[in-house]
Structures are given as C-alpha cells and as structure tokens.
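> FYI, the numbering for the sequence shown is 32 to 603, going by the numbering used here.
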Amino acid sequence: MFRRRGLISAFVSIYPNHNQRTVYICSDGGRLCRPYIIVEKGYPLVQQFHINELNKGLRKFQDFLNDGLIEYLDVNEENDSHIATTEANIDPYFTTHLEIEPFTILGVCAGLVPYPHHNQSPRNTYQCAMGKQAMGTIGYNQRNRIDTLMYNLVYPQCPMVKTKSIELTNFDKLPAGQNATVAVMSYSGYDIEDALILNKASIDRGYGRCLVYKSSKTTMKRYANQTSDRILGPSRDATTGKVVRAHEILDSDGIASPGEMVENRQVLINKQMPTATLNAVTQGQPQPVEYKDVPITYKGPVESYIEKVMVTSNSEDAFLIKILLRQTRVPEIGDKFSSRHGQKGVTGLIVQQEDMPFNDRGICPDMIMNPHGFPSRMTVGKTIELLAGKAGLLEGKFHYGTAFGGSKVKDVCDELEKHGYNYHGKDIFYSGVTGEPLEAYIYSGPVYYQKLKHMVQDKMHARARGPRAVLTRQPTEGRSREGGLRLGEMERDCLIGYGASMLLMERLMLASDAFSADICGACGRLAGRAWCHACRSSAGVSTVDMPYACKLLFQELASMNIVPKLTLKRYC
Numbered sequence: 032m033f034r035r036r037g038l039i040s041a042f043v044s045i046y047p048n049h050n051q052r053t054v055y056i057c058s059d060g061g062r063l064c065r066p067y068i069i070v071e072k073g074y075p076l077v078q079q080f081h082i083n084e085l086n087k088g089l090r091k092f093q094d095f096l097n098d099g100l101i102e103y104l105d106v107n108e109e110n111d112s113h114i115a116t117t118e119a120n121i122d123p124y125f126t127t128h129l130e131i132e133p134f135t136i137l138g139v140c141a142g143l144v145p146y147p148h149h150n151q152s153p154r155n156t157y158q159c160a161m162g163k164q165a166m167g168t169i170g171y172n173q174r175n176r177i178d179t180l181m182y183n184l185v186y187p188q189c190p191m192v193k194t195k196s197i198e199l200t201n202f203d204k205l206p207a208g209q210n211a212t213v214a215v216m217s218y219s220g221y222d223i224e225d226a227l228i229l230n231k232a233s234i235d236r237g238y239g240r241c242l243v244y245k246s247s248k249t250t251m252k253r254y255a256n257q258t259s260d261r262i263l264g265p266s267r268d269a270t271t272g273k274v275v276r277a278h279e280i281l282d283s284d285g286i287a288s289p290g291e292m293v294e295n296r297q298v299l300i301n302k303q304m305p306t307a308t309l310n311a312v313t314q315g316q317p318q319p320v321e322y323k324d325v326p327i328t329y330k331g332p333v334e335s336y337i338e339k340v341m342v343t344s345n346s347e348d349a350f351l352i353k354i355l356l357r358q359t360r361v362p363e364i365g366d367k368f369s370s371r372h373g374q375k376g377v378t379g380l381i382v383q384q385e386d387m388p389f390n391d392r393g394i395c396p397d398m399i400m401n402p403h404g405f406p407s408r409m410t411v412g413k414t415i416e417l418l419a420g421k422a423g424l425l426e427g428k429f430h431y432g433t434a435f436g437g438s439k440v441k442d443v444c445d446e447l448e449k450h451g452y453n454y455h456g457k458d459i460f461y462s463g464v465t466g467e468p469l470e471a472y473i474y475s476g477p478v479y480y481q482k483l484k485h486m487v488q489d490k491m492h493a494r495a496r497g498p499r500a501v502l503t504r505q506p507t508e509g510r511s512r513e514g515g516l517r518l519g520e521m522e523r524d525c526l527i528g529y530g531a532s533m534l535l536m537e538r539l540m541l542a543s544d545a546f547s548a549d550i551c552g553a554c555g556r557l558a559g560r561a562w563c564h565a566c567r568s569s570a571g572v573s574t575v576d577m578p579y580a581c582k583l584l585f586q587e588l589a590s591m592n593i594v595p596k597l598t599l600k601r602y603c
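(1) Can you give me the start and stop residues for the alpha helix (DSSP H) that T414 sits inside?
(2) Where does N390 sit, in a helix, a strand or coil, going by DSSP?
(3) Rounded C-beta distance between N172 and M191? I'm assuming under 8 Å.
(4) Can you tell which of R538, R512, L104 has its C-alpha closest to the C-alpha of G519?
(5) So G423 and F429 are supposed to be a Cβ contact under 8 Å. How far apart are they, rounded?
(6) Given this structure, state the Cα-to-Cα distance separating L63 from L96, to the nearest angstrom.
(7) By DSSP's criteria, H430 is part of a beta bridge. Which residues make up the other side?
(8) Measuring CB atoms only, is the stretch 267 to 275 touching the stretch 337 to 355, in the sense that at least three cross pairs come out at less than 8 Å?
(9) In or out: Q586 buried (at least 16 other Cβ within 10 Å) or exposed?
(10) On the criterion of 16 or more Cβ atoms from any shown chain inside 10 Å, does H49 qualify as buried, or is it exposed?
(11) Count the other CB atoms, across all protein chains shown, that sit within 10 Å of the CB of N201; report buried if there are 16 or more and exposed otherwise.
(12) To the nearest whole angstrom, what separates the beta carbons of V594 and R556, a pair I think is in contact under 8 Å?
(13) Quick check: the stretch 243 to 257 against the stretch 407 to 422, are there 3 or more CB pairs under 8 Å?
(14) Which residue wins for smallest C-alpha separation from S407, given the options L205, Q151, G420?
(15) Could you give the DSSP three-state label for Q17: helix, strand or coil?
(16) How many Å lie between R122 and I69 at the Cα?
(17) Using a 10 Å radius around the Cβ and a threshold of 16 neighbouring Cβ atoms, would you call F80 buried or exposed?
(18) Note down the Cα distance separating K204 from A255, rounded to an integer number of angstroms.
(19) Please determine if the stretch 286 to 306 and the stretch 223 to 237 are in contact, where contact requires at least 3 C-beta pairs separated by less than 8 Å.
(20) Let me know the secondary structure DSSP gives T135 once reduced to three states.
(21) Since T194 and G142 are thought to touch, with beta carbons under 8 Å apart, how far apart are those beta carbons, to the nearest angstrom?
(22) Rounded to whole angstroms, what is the Cα-Cα separation between A500 and N230?
(23) Can you have a look at A165 and say buried or exposed, based on whether 16 or more other CB atoms are within 10 angstroms of its CB?
(24) Just to confirm before moving on: does the CB-CB distance between K302 and P326 stay below 9 Å?
(25) Following the continuous beta strand (DSSP E) through S152, name the residue where it begins and the one where it ends.
(26) Which of the three DSSP states is assigned to M536 in this structure?
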C-alpha cells in the first residue's frame with residue numbers, strides 16, 4: 032500500500048516466504064521489474080477515461096504510478112500474484128494484476144514473429160536465434176562505419192505482415208528481409224529436406240543480393256631503439272620498369288587506392304618494419320637501419336573492391352591505417368534462407384523463369400518450398416502470414432500478426448474472396464515446361480524471407496595438396512590455413528569394421544604424413560642416412576615407411592631414456 036501511494040520507491044518489492052516464515056524487502060539495483068495494471072474485485076483500475084487523458088496529453092505514465100493504477104513487480108512478487116493476460120481472462124476472486132499488453136511478455140526477437148501463438152514453441156525459439164543471423168541494415172550510419180565484418184542486404188523490404196513490436200522497435204525502418212512470392216509445391220526433386228528452388232529472374236532483379244564488408248588494418252609502431260615501421264611505394268620490375276603485379280592496386284603512398292579491384296595475394300599496404308627493434312641507440316655515428324617486408328595482403332578466393340581507406344591514429348597516438356573491402360554477392364546453390372517461423376533451408380536449385388510454374392494471372396513465384404516442411408513442424412503461423420500478406424497486397428495495406436491478436440483469418444480470407452481470389456489462398460498453376468495445368472491447386476502468396484549470413488562461399492573447402500605443420504609434417508588444420516579434411520575416429524572405426532585396411536593406410540598415413548625411416552635390423556633403433564650410430568655400421572639398415580608422428584614419438588621417448596626398438600620381418 033505504501034508503494035501504491037507513492038510513499039516508497041516504485042521499484043521496492045515486498046514478498047513473503049511462507050516456508051521460511053519471513054518477509055523479504057528488496058531494493059537491489061539490476062532487478063528486472065515489469066509494470067502491471069492493478070486489478071481489484073475483478074475490475075482493472077485503469078479505465079477508458081484514463082486512456083483518453085493519456086491520448087490527449089493530460090496524463091503521463093508517471094501519473095498512473097502516482098495514482099496507484101499501475102505498479103512494478105519483480106520476479107519474486109510475480110510468483111505470488113495471479114496475472115491475467117487479457118481483460119476477458121480476469122477471475123473476480125483470484126486475479127490481482129493485468130498485463131498492459133499480452134505481447135509484451137515476449138522479447139524483441141520473438142516479437143518480430145507474426146502469429147507466434149499459432150506456431151509450435153520450438154519454432155519460435157529457432158527464429159529468435161536465426162533472426163540475429165539475418166542480413167539487413169544495421170543503422171543509418173552504416174556507410175560511415177568500418178567494421179571487422181558486416182553484411183548488408185542491398186534491397187531490404189518492410190514485411191507485409193507486421194506486429195506491434197516491429198513498429199515499436201522501428202524494424203520496418205531498418206528491415207532485415209524481403210517479401211518473396213512463395214509457391215508451396217514440389218518441383219524437380221531438388222527441394223527435398225527443406226531445400227528451396229529460386230527463380231533466376233528474381234535473383235537478377237536483386238532478390239537476396241547482399242554486400243559483404245571486411246576490413247584490414249595495421250598500426251605503424253615506434254620501437255625502443257627509436258626506429259619505426261614505414262610504408263614504401265609500389266615496387267617496380269627491374270627489367271621492364273612496370274609495377275609488379277602484387278603492387279598494381281597501390282597508390283604512390285604505398286596504400287591501396289579506393290575503387291580498385293583486389294585479387295588473392297595482392298598487397299593492400301606495402302609495409303616494412305626494422306629487423307632490429309631492441310638494440311640501444313649508439314653514441315656517435317648513427318647506424319643504417321635494415322628493414323624487412325611485412326606487407327598486409329588480401330586473402331580470398333573471390334576478388335573484392337576497395338571501398339574506403341582511413342588514415343588516423345589510435346589511443347596511443349600511433350599511426351593507424353584501415354582499409355574497407357567490399358564484395359557483392361548474389362544467391363547461389365547452398366546459400367541459407369529462413370522465414371520468420373524457424374523454417375530454414377538452403378538453395379537447392381536456381382531455375383530460369385520460363386521453366387518455373389505460373390498461375391492463371393501470369394505470376395511466377397520467386398521461391399518454391401516443399402510442402403513436407405509443414406505437417407511435422409506445425410508452423411501454422413506461416414500459412415496465415417501467406418494469406419494475410421496476399422490480402423494486404425490486394426487491399427493496399429499492412430496486416431498485423433501480433434502475438435495473441437492480429438488480423439483474423441476469416442477477415443483475411445474474406446478480403447481475398449472480395450478480389451476474386453480463392454478463399455483459402457490456392458491458385459491454378461501451369462507447368463513452365465509443358466504449359467499444362469498442374470493436377471492440384473497450389474497454395475501461394477508472399478512470405479517474408481530472411482537471407483542468413485551462412486553462405487556457401489564462406490564454407491566450401493577442398494584440398495589436394497597444401498601446407499603442412501612444421502613439427503608433425505601433417506596437413507594444417509582449418510579452412511583459413513588451407514588445411515586438410517580430417518578423417519575422425521568414428522570414420523576410422525567404420526573403416527576398421529569394414530576391413531578396408533588399404534584405404535585406412537592411405538587415409539591415415541600416405542595422404543597425411545608418410546615418412547621413410549631407416550631402421551637398424553641388428554639393434555632395432557632409428558638410423559640416420561643408412562647408418563646406425565649405435566652399431567657403428569650400415570649393414571642390416573632397412574627403409575621402413577611409417578607415419579612421421581610415429582617416428583616423432585620414438586624420438587621423444589628416447590629423450591626420456593625410453594628406447595623403443597623395432598623388430599623387422601620380411602613383408603612378403
């Protein structure tokens with residue numbers, strides 16, 4: 032009562048613990064408190080005239096708190112409260128509070144999902160994760176930023192089916208997706224397991240096109256012996272006098288020129304650093320400084336463009352150079368897309384528009400989705416979004432799919448019927464190959480699709496030959512280091528169970544770190560260059576193929592005074 036009268040802070044919580052027979056009073060900072068409308072005797076204290084005063088500017092939110100109409104509860108008080116989501120759910124005997132709006136129980140990510148109350152719960156959770164991976168626009172200042180990695184959708188669109196959360200967070204001003212005309216049907220078999228069929232003409236018009244920005248930077252350091260890094264202009268061929276290919280994009284100051292196309296292994300900054308950085312300054316005649324090349328190079332299989340170059344200083348007043356690189360990418364087979372209902376899939380096929388099915392109005396879909404994605408996932412919200420988006424296009428308005436509310440399905444279907452479309456959103460489609468009508472009505476309409484940052488160009492990796500680790504002489508690890516493809520323990524066990532011994536030897540030794548070691552037949556120790564240092568003889572020394580890691584193990588054991596010996600027998 033003190034809190035409702037404004038005698039104590041609105042954020043102080045008082046709750047009893049009946050098991051411990053204690054009363055807790057909390058005023059800690061950092062507790063999450065939510066505002067609720069107070070309900071007394073089955074009636075909410077906030078009435079329509081209060082709302083009218085708020086709309087006219089005669090009342091502010093603080094006035095609701097001061098008048099005891101709304102109060103903040105933390106999680107402990109919520110456990111002892113009976114909270115109704117809507118006014119219709121108020122129980123006159125038990126209800127203590129009422130939600131201001133039911134959709135506020137959802138966070139920002141879940142609030143962007145249209146009709147989430149018609150979806151299976153895990154699907155909404157999946158969308159909360161994938162919504163953070165969607166490409167879009169990150170802010171009005173994105174052209175002035177130099178991020179390590181940034182993805183931008185070239186033609187983002189506002190969704191046809193909104194929610195109140197979308198408007199409150201201004202997601203419609205900085206969206207992260209595009210409205211795609213989707214036909215729910217099977218086409219060619221390349222759409223199984225959630226794969227998507229894309230219309231090539233839609234891609235040519237800009238669907239799914241994105242910009243990838245990456246930055247490279249370097250700092251010009253000054254060292255203890257008063258030497259410092261330096262940048263030289265482009266090097267020239269001694270014979271022809273032309274600039275060498277690796278330095279073709281460099282300006283006269285040794286830094287890449289904006290607007291230039293840069294290819295793999297080309298130099299972005301022709302930097303040099305002194306070879307000696309710790310020597311003290313000598314008295315008398317200054318010694319000439321020797322430099323070594325440490326260029327900043329571009330690494331990537333696809334060419335990029337120099338977007339901008341920034342020359343500035345960091346917090347330590349050191350010279351700092353940043354270069355922003357830009358790539359334009361169009362959707363290709365293997366790129367990942369997702370609707371706002373946790374229905375993710377990769378592109379399985381890109382089809383010419385003349386081969387795509389079309390309806391009786393001549394409309395070709397941008398995307399074809401396999402219908403088997405619906406029954407087990409139960410994402411009914413996606414089917415309603417398609418209907419609402421289709422009706423919104425015909426009516427020239429946005430529909431709302433706000434949680435626990437939104438546009439009614441019956442109203443949406445009536446709008447479709449009013450414009451001469453099927454009540455259930457189905458259309459007659461014709462084959463783009465034969466021109467004959469398809470044997471079933473096709474459910475089609477606009478659905479908001481997100482292009483996710485997972486693109487096949489950043490994932491694909493293959494190797495025939497490449498670098499090896501210095502110590503183990505095995506192929507390096509990882510895509511960025513042009514590493515090998517690992518045959519794991521489980522794959523090894525499968526080959527052992529199958530009995531494929533030669534394949535095992537090829538994968539685990541010949542294709543990895545095969546090494547020809549000299550072994551002394553008399554003492555069984557490792558020999559060097561056909562000479563046994565223990566026996567002082569070359570007689571009986573044989574060459575044996577083994578993994579280099581095995582030879583390394585023998586030498587490490589020998590360093591611990593454990594000398595392994597091999598017994599040689601004839602192979603055949």
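Every residue, glycine too, gets a C-beta built ideally from N, C-alpha and C. All values reported here derive from a predicted model rather than from experimental measurement.
Inspection of the coordinates gives the following:
(1) In the sequence shown, residue 414 corresponds to position 383, counting from 1. Counting along the chain, the alpha helix (DSSP H) containing T414 begins and ends at 411 to 426.
(2) Here the question's residue 390 lines up with position 359 in the sequence shown. The answer is strand: DSSP assigns N390 an E or B state.
(3) Translated into positions along the sequence shown, residue 172 becomes position 141. Translated into positions along the sequence shown, residue 191 becomes position 160. N172 to M191, Cβ: 28 Å. No contact.
(4) Here residue 519 corresponds to residue number 488 of the sequence shown, with the count starting at 1. If we check each option's Cα against that of G519, R538 comes out closest.
(5) The residue given as residue 423 occupies position 392 in the sequence shown. The residue given as residue 429 occupies position 398 in the sequence shown. Between F429 and G423 the Cβ distance is about 6 Å, and since that is below 8 Å, they are a contact.
(6) For the purposes of this step, residue 63 is taken as the residue at position 32 of the sequence shown. For the purposes of this step, residue 96 is taken as the residue at position 65 of the sequence shown. If I take the Cα positions, the gap works out to 17 Å.
(7) As a first step, residue 430 must be located in the sequence shown, where it is residue number 399. Bridge partners of H430: V192.
(8) no
(9) Taking the first residue of the sequence shown as 1, we reach residue 586 at position 555. Q586 comes out exposed.
(10) Here residue 49 refers to the residue found at position 18 of the sequence shown. Exposed is the call here.
(11) As a position in the sequence shown, residue 201 is number 170, starting the count at 1. Label assigned to N201: exposed.
(12) Mapped onto the sequence shown, residue 594 falls at position 563. Mapped onto the sequence shown, residue 556 falls at position 525. Confirmed, Cβ separation roughly 7 Å.
(13) no
(14) Indexing the sequence shown from 1 puts residue 407 at position 376. Checked all of L205, Q151, G420; the closest Cα to S407 is Q151.
(15) The structure shown does not extend to residue 17, since the chain spans only 32 to 603, so no value can be given for it.
(16) As a working note, residue 122 is residue 91 in the sequence shown. As a working note, residue 69 is residue 38 in the sequence shown. According to the sequence shown, residue 122 is Asp rather than Arg. Rounded to the nearest angstrom, the two C-alpha atoms are 13 Å apart.
(17) Looking up residue 80 in the sequence shown gives position 49. That one is exposed.
(18) Mapped onto the sequence shown, residue 204 falls at position 173. Mapped onto the sequence shown, residue 255 falls at position 224. Whole-angstrom Cα-Cα distance: 52 Å.
(19) no
(20) Working through the sequence shown from its first residue, we reach residue 135 at position 104. Reduced to three states, the DSSP call for T135 is helix.
(21) Within the sequence shown, the letter at position 163 stands for residue 194. Within the sequence shown, the letter at position 111 stands for residue 142. Indeed they touch by this definition, with Cβ atoms about 6 Å apart.
(22) Taking the sequence shown and counting its residues from 1, one reaches residue 500 at position 469. Taking the sequence shown and counting its residues from 1, one reaches residue 230 at position 199. So the two alpha carbons sit approximately 45 Å from each other.
(23) Taking the first residue of the sequence shown as 1, we reach residue 165 at position 134. Under this definition A165 is a buried residue.
(24) Translated into the one-based positions of the sequence shown, residue 302 becomes position 271. Translated into the one-based positions of the sequence shown, residue 326 becomes position 295. Yes, they are a contact pair.
(25) The sequence position of residue 152 within the sequence shown is 121, counting from 1. Segment 152 to 161 is the alpha helix (DSSP H) holding S152; no beta strand (DSSP E) there.
(26) Translated into the one-based positions of the sequence shown, residue 536 becomes position 505. Correct three-state label for M536: helix.
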